[in-house]
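If you count the sequence shown from 1, position 319 lands on 605 in this note's numbering, and the numbers rise without skipping. Even for Gly, the Cβ is constructed at its ideal location relative to N, Cα and C.
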Amino acid sequence: MRENLARRWACLILGGALLMPYMMVGVLITGLAGQGTATLMLPVEAGVFVAVLPVVAITGLFLPVRGLAVSAAQGLLGARVVTPPRQARRSWQERRRTAAWFTAHLAVGGVVSGCTLAMVPFTVFTLAQPFVPGPTDVFVLRVATGWPEAGWALMGVVGLAGLVALVAGAGALLARLAPVLLGPTPGERLAAAEEHARTLAERNRLARELHDSVGHALSVVTLQAAAAGRVLDRDPATARTALAAIEQSARSALHDLDHVLGVLRQNETPPGRQDEPPSGGRTPHTAHGARGARAPQATLADLGELVAGSGARVRHEVGDLSGVPAVLSREAYRIVQEALTNALKYGRGPVRLAVGVQDGDLRLEVSNPIGTRAGRPGGRGLTGMRERVRLLHGELEAGPVTSRADTAPDGRPEAGAVAPDGGVPDGGVPDGGVPDGGVPDGGVPDGGVPDGGVPDGGGRGEQGWWRVSARLPLRSGA
(Lines of atoms letter the chains of each structure in order from A and count residues from 1; the text may use other names and numbers.)
(Lines give C-alpha, C1' and ligand atoms only; values in the text may rest on other atoms or scores of the structure.)
Protein backbone atom coordinates (compact mmCIF):
# COMPACT_ATOMS: atom_id res chain seq x y z
CA MET A 1 0.00 0.00 0.00
CA ARG A 2 2.72 2.47 0.99
CA GLU A 3 4.84 1.52 -2.02
CA ASN A 4 1.86 2.04 -4.31
CA LEU A 5 1.15 5.43 -2.71
CA ALA A 6 4.79 6.47 -3.12
CA ARG A 7 4.78 5.56 -6.82
CA ARG A 8 1.56 7.48 -7.42
CA TRP A 9 3.00 10.45 -5.52
CA ALA A 10 6.04 10.35 -7.81
CA CYS A 11 3.76 10.29 -10.86
CA LEU A 12 1.91 13.36 -9.58
CA ILE A 13 5.19 15.16 -8.89
CA LEU A 14 6.21 14.33 -12.46
CA GLY A 15 3.05 16.01 -13.71
CA GLY A 16 3.84 19.08 -11.64
CA ALA A 17 7.38 19.18 -13.02
CA LEU A 18 6.02 19.05 -16.58
CA LEU A 19 3.67 21.92 -15.73
CA MET A 20 6.47 24.17 -14.45
CA PRO A 21 7.62 25.48 -17.88
CA TYR A 22 4.06 26.57 -18.68
CA MET A 23 3.71 28.25 -15.27
CA MET A 24 7.02 30.05 -15.60
CA VAL A 25 6.07 31.48 -18.99
CA GLY A 26 2.65 32.48 -17.64
CA VAL A 27 4.10 34.18 -14.57
CA LEU A 28 6.65 35.98 -16.75
CA ILE A 29 3.96 37.31 -19.09
CA THR A 30 1.80 38.35 -16.12
CA GLY A 31 4.74 40.13 -14.51
CA LEU A 32 5.56 42.03 -17.70
CA ALA A 33 1.94 43.09 -18.08
CA GLY A 34 1.33 43.92 -14.40
CA GLN A 35 2.98 45.83 -11.59
CA GLY A 36 5.61 43.21 -10.82
CA THR A 37 4.75 42.52 -7.15
CA ALA A 38 1.30 41.19 -8.02
CA THR A 39 2.83 38.08 -9.57
CA LEU A 40 3.71 36.85 -6.11
CA MET A 41 0.11 36.78 -4.89
CA LEU A 42 -1.68 33.43 -4.70
CA PRO A 43 -4.79 34.61 -6.62
CA VAL A 44 -2.62 35.71 -9.53
CA GLU A 45 -0.75 32.40 -9.56
CA ALA A 46 -4.06 30.55 -9.48
CA GLY A 47 -5.20 32.60 -12.46
CA VAL A 48 -2.01 31.74 -14.33
CA PHE A 49 -2.57 28.07 -13.51
CA VAL A 50 -6.06 28.14 -15.03
CA ALA A 51 -4.88 30.15 -18.04
CA VAL A 52 -2.09 27.74 -19.03
CA LEU A 53 -4.29 24.62 -19.06
CA PRO A 54 -5.68 25.30 -22.58
CA VAL A 55 -2.11 25.75 -23.78
CA VAL A 56 -1.24 22.39 -22.22
CA ALA A 57 -4.17 20.77 -24.03
CA ILE A 58 -3.13 22.26 -27.38
CA THR A 59 0.46 21.07 -27.05
CA GLY A 60 -0.82 17.64 -26.03
CA LEU A 61 -2.46 17.33 -29.44
CA PHE A 62 0.89 17.49 -31.21
CA LEU A 63 3.58 16.34 -28.79
CA PRO A 64 4.40 12.58 -28.94
CA VAL A 65 3.61 12.06 -25.27
CA ARG A 66 1.41 8.98 -25.45
CA GLY A 67 4.23 6.47 -25.04
CA LEU A 68 5.57 8.29 -21.97
CA ALA A 69 2.06 8.62 -20.56
CA VAL A 70 1.32 4.92 -20.96
CA SER A 71 4.63 3.97 -19.33
CA ALA A 72 4.00 6.32 -16.40
CA ALA A 73 0.44 5.06 -15.95
CA GLN A 74 1.52 1.42 -15.98
CA GLY A 75 4.68 1.75 -13.91
CA LEU A 76 3.80 4.49 -11.42
CA LEU A 77 0.01 4.54 -11.17
CA GLY A 78 -0.38 0.78 -11.48
CA ALA A 79 -3.13 1.27 -14.04
CA ARG A 80 -4.06 -1.59 -16.35
CA VAL A 81 -3.56 0.18 -19.64
CA VAL A 82 -3.61 -1.99 -22.75
CA THR A 83 -0.75 -0.89 -24.95
CA PRO A 84 -2.29 0.33 -28.21
CA PRO A 85 -0.93 -1.07 -31.48
CA ARG A 86 1.59 1.02 -33.34
CA GLN A 87 0.16 3.06 -36.15
CA ALA A 88 1.89 4.83 -39.00
CA ARG A 89 -0.26 7.92 -38.45
CA ARG A 90 -1.96 9.19 -35.30
CA SER A 91 -5.71 9.63 -35.58
CA TRP A 92 -7.33 12.78 -34.26
CA GLN A 93 -9.41 10.73 -31.84
CA GLU A 94 -6.24 9.33 -30.35
CA ARG A 95 -4.71 12.83 -30.25
CA ARG A 96 -7.71 14.27 -28.38
CA ARG A 97 -7.73 11.50 -25.81
CA THR A 98 -3.99 11.83 -25.25
CA ALA A 99 -4.31 15.61 -24.88
CA ALA A 100 -7.09 15.14 -22.31
CA TRP A 101 -4.88 12.81 -20.27
CA PHE A 102 -1.87 15.11 -20.60
CA THR A 103 -3.92 18.05 -19.35
CA ALA A 104 -5.43 16.10 -16.44
CA HIS A 105 -2.04 14.73 -15.42
CA LEU A 106 -0.37 18.14 -15.40
CA ALA A 107 -3.31 19.88 -13.72
CA VAL A 108 -3.72 17.37 -10.89
CA GLY A 109 0.03 16.95 -10.60
CA GLY A 110 0.49 20.71 -10.39
CA VAL A 111 -2.01 20.99 -7.53
CA VAL A 112 -0.46 18.08 -5.62
CA SER A 113 3.07 19.38 -6.23
CA GLY A 114 2.13 22.82 -4.95
CA CYS A 115 0.49 21.36 -1.86
CA THR A 116 3.52 19.15 -1.27
CA LEU A 117 5.90 22.11 -1.49
CA ALA A 118 3.70 24.06 0.92
CA MET A 119 2.60 21.39 3.41
CA VAL A 120 5.93 19.69 4.05
CA PRO A 121 7.67 22.89 5.30
CA PHE A 122 4.45 23.86 7.12
CA THR A 123 4.35 20.52 8.93
CA VAL A 124 8.00 20.83 9.91
CA PHE A 125 7.35 24.35 11.22
CA THR A 126 4.32 23.33 13.28
CA LEU A 127 6.20 20.50 14.90
CA ALA A 128 9.17 22.74 15.65
CA GLN A 129 7.11 25.77 16.74
CA PRO A 130 7.07 24.93 20.48
CA PHE A 131 10.85 25.07 20.48
CA VAL A 132 11.15 28.39 18.56
CA PRO A 133 10.85 31.56 20.74
CA GLY A 134 9.18 34.71 19.48
CA PRO A 135 6.88 35.37 16.51
CA THR A 136 7.57 33.44 13.31
CA ASP A 137 6.48 34.05 9.73
CA VAL A 138 4.97 31.13 7.87
CA PHE A 139 4.79 32.06 4.21
CA VAL A 140 2.63 35.21 4.15
CA LEU A 141 0.88 34.47 7.46
CA ARG A 142 2.09 35.64 10.84
CA VAL A 143 1.41 33.16 13.62
CA ALA A 144 1.68 34.39 17.18
CA THR A 145 3.30 32.13 19.71
CA GLY A 146 1.59 31.11 22.85
CA TRP A 147 -0.40 28.14 21.57
CA PRO A 148 -0.19 24.93 23.55
CA GLU A 149 2.42 22.49 22.29
CA ALA A 150 -0.28 19.90 21.58
CA GLY A 151 -2.05 22.38 19.29
CA TRP A 152 1.04 22.85 17.14
CA ALA A 153 1.63 19.11 16.89
CA LEU A 154 -2.02 18.49 16.02
CA MET A 155 -1.90 21.14 13.32
CA GLY A 156 1.15 19.47 11.73
CA VAL A 157 -0.35 15.99 11.87
CA VAL A 158 -3.65 17.16 10.37
CA GLY A 159 -1.84 18.97 7.57
CA LEU A 160 0.29 15.93 6.75
CA ALA A 161 -2.73 13.61 6.84
CA GLY A 162 -4.61 15.93 4.52
CA LEU A 163 -1.71 15.91 2.06
CA VAL A 164 -1.56 12.10 2.10
CA ALA A 165 -5.32 11.91 1.53
CA LEU A 166 -5.02 14.35 -1.35
CA VAL A 167 -2.24 12.28 -2.94
CA ALA A 168 -4.22 9.06 -2.53
CA GLY A 169 -7.37 10.56 -4.03
CA ALA A 170 -5.56 12.24 -6.92
CA GLY A 171 -3.59 9.07 -7.69
CA ALA A 172 -6.76 6.97 -7.69
CA LEU A 173 -8.45 9.47 -10.01
CA LEU A 174 -5.63 9.35 -12.55
CA ALA A 175 -5.44 5.56 -12.29
CA ARG A 176 -9.12 5.38 -13.27
CA LEU A 177 -8.71 7.87 -16.11
CA ALA A 178 -5.64 6.20 -17.61
CA PRO A 179 -7.36 3.14 -19.17
CA VAL A 180 -10.13 5.34 -20.54
CA LEU A 181 -7.93 8.00 -22.13
CA LEU A 182 -4.75 6.04 -22.90
CA GLY A 183 -6.22 2.67 -23.83
CA PRO A 184 -6.91 1.64 -27.41
CA THR A 185 -9.60 3.47 -29.32
CA PRO A 186 -12.38 1.42 -30.94
CA GLY A 187 -10.52 1.67 -34.22
CA GLU A 188 -7.30 0.49 -32.59
CA ARG A 189 -9.13 -2.41 -30.93
CA LEU A 190 -10.49 -3.43 -34.32
CA ALA A 191 -7.03 -3.14 -35.85
CA ALA A 192 -5.57 -5.23 -33.02
CA ALA A 193 -8.26 -7.88 -33.49
CA GLU A 194 -7.56 -8.00 -37.22
CA GLU A 195 -3.83 -8.27 -36.56
CA HIS A 196 -4.47 -11.08 -34.08
CA ALA A 197 -6.64 -12.86 -36.64
CA ARG A 198 -3.89 -12.50 -39.25
CA THR A 199 -1.37 -13.89 -36.79
CA LEU A 200 -3.56 -16.89 -36.03
CA ALA A 201 -4.17 -17.46 -39.73
CA GLU A 202 -0.43 -17.33 -40.39
CA ARG A 203 0.24 -19.79 -37.59
CA ASN A 204 -2.44 -22.12 -38.93
CA ARG A 205 -0.89 -21.85 -42.38
CA LEU A 206 2.51 -22.69 -40.96
CA ALA A 207 1.00 -25.64 -39.10
CA ARG A 208 -0.50 -26.95 -42.33
CA GLU A 209 2.78 -26.45 -44.16
CA LEU A 210 4.63 -28.29 -41.41
CA HIS A 211 2.11 -31.13 -41.36
CA ASP A 212 2.26 -31.57 -45.13
CA SER A 213 6.02 -31.26 -45.62
CA VAL A 214 7.29 -33.05 -42.52
CA GLY A 215 4.52 -35.66 -42.61
CA HIS A 216 5.34 -36.49 -46.20
CA ALA A 217 9.05 -36.67 -45.44
CA LEU A 218 8.50 -39.03 -42.51
CA SER A 219 6.33 -41.30 -44.65
CA VAL A 220 9.01 -41.43 -47.33
CA VAL A 221 11.72 -42.08 -44.74
CA THR A 222 9.71 -44.95 -43.26
CA LEU A 223 9.07 -46.59 -46.62
CA GLN A 224 12.60 -46.14 -47.92
CA ALA A 225 14.11 -47.44 -44.69
CA ALA A 226 11.95 -50.56 -44.93
CA ALA A 227 12.98 -51.05 -48.56
CA ALA A 228 16.67 -50.55 -47.79
CA GLY A 229 16.50 -53.11 -45.00
CA ARG A 230 14.92 -55.71 -47.29
CA VAL A 231 17.40 -55.37 -50.16
CA LEU A 232 20.54 -54.44 -48.24
CA ASP A 233 22.23 -57.83 -48.70
CA ARG A 234 21.10 -58.79 -52.20
CA ASP A 235 20.99 -55.35 -53.86
CA PRO A 236 23.34 -52.83 -52.19
CA ALA A 237 22.91 -50.32 -55.04
CA THR A 238 19.16 -50.08 -54.48
CA ALA A 239 19.75 -49.84 -50.74
CA ARG A 240 22.14 -46.93 -51.28
CA THR A 241 19.53 -45.24 -53.47
CA ALA A 242 16.94 -45.63 -50.72
CA LEU A 243 19.35 -44.28 -48.10
CA ALA A 244 20.09 -41.26 -50.31
CA ALA A 245 16.36 -40.61 -50.59
CA ILE A 246 16.09 -40.84 -46.80
CA GLU A 247 18.88 -38.30 -46.40
CA GLN A 248 17.28 -35.89 -48.86
CA SER A 249 13.82 -36.21 -47.28
CA ALA A 250 15.18 -35.71 -43.77
CA ARG A 251 17.21 -32.70 -44.87
CA SER A 252 14.18 -31.13 -46.53
CA ALA A 253 12.01 -31.76 -43.46
CA LEU A 254 14.66 -30.28 -41.16
CA HIS A 255 14.93 -27.24 -43.40
CA ASP A 256 11.16 -26.66 -43.35
CA LEU A 257 10.99 -27.19 -39.60
CA ASP A 258 13.88 -24.79 -39.05
CA HIS A 259 12.14 -22.10 -41.07
CA VAL A 260 8.79 -22.52 -39.33
CA LEU A 261 10.38 -22.30 -35.89
CA GLY A 262 12.25 -19.18 -36.96
CA VAL A 263 9.04 -17.51 -38.11
CA LEU A 264 7.20 -18.43 -34.92
CA ARG A 265 10.02 -17.09 -32.74
CA GLN A 266 10.79 -13.87 -34.51
CA ASN A 267 7.59 -13.18 -36.45
CA GLU A 268 9.58 -11.02 -38.85
CA THR A 269 7.40 -11.49 -41.91
CA PRO A 270 3.92 -9.90 -41.83
CA PRO A 271 1.29 -12.01 -43.55
CA GLY A 272 0.77 -11.11 -47.17
CA ARG A 273 4.13 -9.34 -47.49
CA GLN A 274 6.10 -12.13 -49.16
CA ASP A 275 7.19 -11.59 -52.71
CA GLU A 276 5.36 -13.70 -55.24
CA PRO A 277 7.43 -15.85 -57.60
CA PRO A 278 6.52 -16.02 -61.27
CA SER A 279 3.42 -18.00 -62.19
CA GLY A 280 4.14 -21.68 -62.10
CA GLY A 281 7.70 -20.90 -61.08
CA ARG A 282 9.70 -22.23 -58.25
CA THR A 283 10.18 -20.40 -54.99
CA PRO A 284 13.87 -20.20 -54.12
CA HIS A 285 14.86 -21.83 -50.84
CA THR A 286 16.81 -20.06 -48.16
CA ALA A 287 19.97 -21.57 -46.77
CA HIS A 288 19.65 -24.06 -43.95
CA GLY A 289 19.55 -22.33 -40.61
CA ALA A 290 18.67 -18.93 -42.02
CA ARG A 291 15.82 -17.00 -40.55
CA GLY A 292 14.79 -15.51 -43.84
CA ALA A 293 11.43 -13.95 -44.48
CA ARG A 294 10.78 -16.16 -47.53
CA ALA A 295 9.24 -19.54 -46.71
CA PRO A 296 10.64 -22.63 -48.45
CA GLN A 297 7.44 -23.23 -50.39
CA ALA A 298 7.46 -25.46 -53.43
CA THR A 299 5.10 -25.17 -56.40
CA LEU A 300 3.68 -27.49 -59.04
CA ALA A 301 6.97 -27.09 -60.89
CA ASP A 302 8.51 -29.26 -58.17
CA LEU A 303 6.21 -32.24 -58.71
CA GLY A 304 8.98 -34.14 -60.47
CA GLU A 305 11.20 -34.01 -57.40
CA LEU A 306 8.26 -34.87 -55.16
CA VAL A 307 7.46 -37.97 -57.19
CA ALA A 308 11.08 -39.03 -57.57
CA GLY A 309 11.70 -38.85 -53.85
CA SER A 310 8.46 -40.50 -52.76
CA GLY A 311 9.83 -44.03 -52.88
CA ALA A 312 6.72 -45.39 -54.63
CA ARG A 313 5.73 -46.28 -58.16
CA VAL A 314 3.98 -43.14 -59.30
CA ARG A 315 2.80 -42.43 -62.81
CA HIS A 316 2.25 -38.72 -63.17
CA GLU A 317 0.78 -36.78 -66.03
CA VAL A 318 1.28 -33.02 -65.84
CA GLY A 319 -0.18 -30.66 -68.39
CA ASP A 320 0.67 -27.06 -69.25
CA LEU A 321 0.70 -25.09 -65.97
CA SER A 322 2.10 -21.80 -67.26
CA GLY A 323 -1.17 -20.00 -66.60
CA VAL A 324 -1.51 -21.15 -62.98
CA PRO A 325 -1.02 -18.26 -60.49
CA ALA A 326 1.80 -18.63 -58.00
CA VAL A 327 -0.42 -18.76 -54.92
CA LEU A 328 -2.62 -21.44 -56.46
CA SER A 329 0.44 -23.39 -57.60
CA ARG A 330 1.87 -23.49 -54.08
CA GLU A 331 -1.39 -24.57 -52.47
CA ALA A 332 -2.03 -27.18 -55.16
CA TYR A 333 1.43 -28.62 -54.55
CA ARG A 334 0.60 -29.08 -50.86
CA ILE A 335 -2.70 -30.78 -51.74
CA VAL A 336 -0.90 -33.21 -54.05
CA GLN A 337 1.79 -33.77 -51.44
CA GLU A 338 -0.73 -34.65 -48.74
CA ALA A 339 -2.71 -36.92 -51.08
CA LEU A 340 0.49 -38.70 -52.07
CA THR A 341 1.45 -39.05 -48.41
CA ASN A 342 -1.87 -40.73 -47.66
CA ALA A 343 -1.40 -43.03 -50.63
CA LEU A 344 2.03 -44.06 -49.35
CA LYS A 345 0.84 -44.57 -45.78
CA TYR A 346 -2.43 -46.37 -46.35
CA GLY A 347 -2.57 -47.64 -49.92
CA ARG A 348 -1.28 -50.60 -51.92
CA GLY A 349 0.21 -50.77 -55.35
CA PRO A 350 1.13 -47.98 -57.77
CA VAL A 351 -0.12 -44.40 -57.53
CA ARG A 352 -1.61 -42.41 -60.39
CA LEU A 353 -1.23 -38.61 -60.42
CA ALA A 354 -2.82 -36.29 -62.96
CA VAL A 355 -2.49 -32.48 -62.95
CA GLY A 356 -3.75 -30.15 -65.64
CA VAL A 357 -5.89 -27.16 -66.59
CA GLN A 358 -9.35 -27.76 -68.00
CA ASP A 359 -12.22 -25.30 -68.60
CA GLY A 360 -10.58 -22.55 -66.55
CA ASP A 361 -9.94 -24.81 -63.56
CA LEU A 362 -6.87 -26.53 -62.21
CA ARG A 363 -7.64 -30.25 -61.92
CA LEU A 364 -5.82 -32.54 -59.50
CA GLU A 365 -6.30 -36.28 -59.16
CA VAL A 366 -4.37 -38.75 -57.02
CA SER A 367 -5.50 -42.38 -56.90
CA ASN A 368 -4.11 -45.63 -55.57
CA PRO A 369 -5.30 -49.17 -54.86
CA ILE A 370 -6.59 -49.73 -51.35
CA GLY A 371 -6.44 -52.85 -49.23
CA THR A 372 -9.21 -55.30 -48.57
CA ARG A 373 -9.60 -54.45 -44.88
CA ALA A 374 -11.39 -51.57 -43.20
CA GLY A 375 -9.54 -48.35 -42.68
CA ARG A 376 -7.64 -46.92 -39.82
CA PRO A 377 -8.74 -43.96 -37.68
CA GLY A 378 -8.83 -40.76 -39.65
CA GLY A 379 -6.10 -38.14 -39.41
CA ARG A 380 -5.79 -34.45 -40.21
CA GLY A 381 -4.54 -34.79 -43.76
CA LEU A 382 -7.92 -34.86 -45.47
CA THR A 383 -9.15 -32.04 -43.22
CA GLY A 384 -6.15 -29.93 -44.21
CA MET A 385 -6.78 -30.58 -47.90
CA ARG A 386 -10.43 -29.58 -47.53
CA GLU A 387 -9.41 -26.36 -45.76
CA ARG A 388 -7.01 -25.42 -48.54
CA VAL A 389 -9.55 -26.17 -51.26
CA ARG A 390 -12.25 -24.22 -49.45
CA LEU A 391 -9.99 -21.18 -49.11
CA LEU A 392 -9.34 -21.37 -52.85
CA HIS A 393 -13.09 -21.57 -53.60
CA GLY A 394 -12.71 -25.01 -55.11
CA GLU A 395 -14.19 -28.46 -54.66
CA LEU A 396 -12.65 -31.63 -53.25
CA GLU A 397 -13.86 -35.20 -53.52
CA ALA A 398 -12.15 -38.02 -51.66
CA GLY A 399 -13.33 -41.58 -51.37
CA PRO A 400 -13.22 -45.10 -52.74
CA VAL A 401 -14.12 -45.93 -56.35
CA THR A 402 -14.78 -49.41 -57.71
CA SER A 403 -13.10 -50.95 -60.74
CA ARG A 404 -14.19 -49.69 -64.15
CA ALA A 405 -16.55 -47.25 -62.41
CA ASP A 406 -15.19 -44.16 -64.10
CA THR A 407 -14.09 -43.67 -67.68
CA ALA A 408 -13.01 -40.63 -69.59
CA PRO A 409 -14.92 -39.40 -72.65
CA ASP A 410 -12.33 -41.00 -74.95
CA GLY A 411 -12.69 -44.37 -73.26
CA ARG A 412 -9.41 -44.23 -71.31
CA PRO A 413 -9.56 -45.25 -67.66
CA GLU A 414 -9.76 -42.32 -65.26
CA ALA A 415 -7.14 -41.83 -62.56
CA GLY A 416 -9.34 -43.70 -60.11
CA ALA A 417 -10.24 -46.61 -62.35
CA VAL A 418 -8.63 -50.02 -62.11
CA ALA A 419 -7.11 -51.55 -65.20
CA PRO A 420 -8.16 -55.09 -66.06
CA ASP A 421 -4.99 -56.52 -64.59
CA GLY A 422 -5.33 -54.48 -61.42
CA GLY A 423 -2.25 -52.38 -62.12
CA VAL A 424 -1.58 -48.94 -63.51
CA PRO A 425 -3.84 -48.42 -66.54
CA ASP A 426 -0.99 -47.45 -68.83
CA GLY A 427 1.36 -50.03 -67.38
CA GLY A 428 5.09 -49.86 -66.93
CA VAL A 429 7.28 -48.32 -64.30
CA PRO A 430 6.01 -44.78 -63.75
CA ASP A 431 8.05 -41.69 -64.46
CA GLY A 432 10.21 -40.68 -61.55
CA GLY A 433 9.27 -43.80 -59.55
CA VAL A 434 11.56 -46.19 -57.77
CA PRO A 435 12.52 -49.24 -59.87
CA ASP A 436 11.67 -52.74 -58.79
CA GLY A 437 13.46 -53.51 -55.61
CA GLY A 438 12.31 -50.33 -53.88
CA VAL A 439 9.26 -50.20 -51.68
CA PRO A 440 6.99 -53.01 -52.86
CA ASP A 441 3.83 -51.47 -54.27
CA GLY A 442 4.67 -48.24 -52.46
CA GLY A 443 2.28 -49.11 -49.68
CA VAL A 444 1.89 -50.29 -46.12
CA PRO A 445 2.17 -54.07 -45.75
CA ASP A 446 -1.16 -54.45 -44.02
CA GLY A 447 -3.07 -52.05 -46.25
CA GLY A 448 -5.54 -49.60 -44.83
CA VAL A 449 -7.17 -46.52 -46.28
CA PRO A 450 -6.42 -42.82 -46.02
CA ASP A 451 -8.11 -40.49 -43.55
CA GLY A 452 -11.51 -41.80 -42.83
CA GLY A 453 -11.37 -45.27 -44.37
CA VAL A 454 -13.74 -47.06 -46.70
CA PRO A 455 -17.40 -46.75 -45.77
CA ASP A 456 -19.35 -49.85 -44.87
CA GLY A 457 -20.32 -51.81 -47.92
CA GLY A 458 -17.05 -51.22 -49.73
CA GLY A 459 -16.77 -54.93 -50.30
CA ARG A 460 -14.51 -57.49 -48.70
CA GLY A 461 -11.90 -59.10 -50.87
CA GLU A 462 -12.49 -56.74 -53.82
CA GLN A 463 -9.59 -54.60 -55.02
CA GLY A 464 -10.78 -50.97 -55.12
CA TRP A 465 -9.11 -47.60 -55.56
CA TRP A 466 -9.01 -44.53 -53.38
CA ARG A 467 -9.20 -41.28 -55.29
CA VAL A 468 -8.68 -37.66 -54.29
CA SER A 469 -9.97 -35.23 -56.89
CA ALA A 470 -9.82 -31.44 -56.61
CA ARG A 471 -11.06 -28.65 -58.83
CA LEU A 472 -9.52 -25.22 -58.20
CA PRO A 473 -10.66 -22.13 -60.15
CA LEU A 474 -7.70 -20.29 -61.63
CA ARG A 475 -9.14 -16.94 -60.62
CA SER A 476 -8.91 -17.94 -56.92
CA GLY A 477 -5.14 -17.72 -57.10
CA ALA A 478 -5.04 -14.31 -58.78
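- Distances from the alpha-carbon of alanine 303 to those of Leu403, Ile344 and Leu639 put Leu403 closest.
- The beta carbon of arginine 293 sits closer than 8 Å to those of Gly361, Leu362, Leu363 and Gly364, all from its chain and outside the five residues before and after it, given in chain order.
- Assigned with DSSP and collapsed to three states, histidine 679 falls in coil, not helix or strand.
- Between the C-alpha atoms of arginine 537 and alanine 487 there is a straight-line separation of about 27 Å.
- Rounded to the nearest angstrom, the gap between the Cα atoms of glycine 680 and alanine 618 is 11 Å.
- Per DSSP, arginine 601 is one residue of the beta strand (DSSP E) stretching across 600-604.
- Contact annotation: valine 342 and threonine 384 have beta-carbon atoms that are not nearer than 8 Å.
- Ranked by Cα distance from alanine 456, the options Ile656, Gly605 and Ala393 are led by Ala393.
- Residue environment analysis places glutamine 583 among the buried positions, since at least 16 neighbouring C-beta atoms fall within 10 angstroms of its C-beta.
- Counting other Cβ atoms within 10 Å of its Cβ, phenylalanine 348 stays below 16 and is therefore classed as exposed.
- Your pair glycine 642 and arginine 649 checks out as a contact, with CB atoms roughly 6 Å apart and the cut at 8 Å.
- The secondary-structure analysis by DSSP pairs glutamine 644 across a beta bridge with Asp647.
- Annotated three-state conformation of proline 472 is helix, per DSSP.
- According to the DSSP assignment, leucine 758 belongs to the beta strand (DSSP E) that extends over 751-759.
- Pairing proline 759 with aspartate 647 gives a Cβ-Cβ distance under 8 Å.
- Annotated three-state conformation of arginine 288 is helix, per DSSP.
- Excluding its 5 nearest sequence neighbours in each direction, alanine 539 has C-beta neighbours in its own chain below 6 Å: Val500 and Ala503, listed in chain order.
- Secondary structure in the segment 494-556: the alpha helix (DSSP H) runs of 4 residues or longer, each lying completely within the stretch, are 522-552 in chain order.
- Beta-bridge analysis with DSSP links glycine 685 to Arg753.
- For leucine 586 against serine 615, the beta-carbon gap comes to about 5 Å, under 8 Å, which counts as contact.
- Around the beta carbon of arginine 599, 16 or more other beta carbons lie within 10 angstroms, which makes this residue buried.
- By the Cβ neighbour-count rule, valine 334 is buried, with 16 or more other Cβ atoms within 10 Å of its own.
- Exclusion of the five residues before and after tryptophan 387 leaves Ala355, Leu467 and Leu468 as the residues of its chain whose Cβ lies within less than 6 Å of its Cβ.
- One alpha carbon belongs to leucine 413, the other to leucine 449, and they sit about 16 Å apart.
- Between leucine 626 and valine 610, the C-beta gap is not smaller than 8 Å, which leaves the two residues out of contact.
- Its chain contains Thr471 as the residues whose beta carbon lies nearer than 6 Å to that of glutamate 380, once the 5 sequence neighbours on both sides are disregarded; these appear in chain order.
- By the neighbour-count criterion, in which 16 or more other beta carbons inside 10 Å mark a residue as buried, glutamine 510 falls on the buried side.
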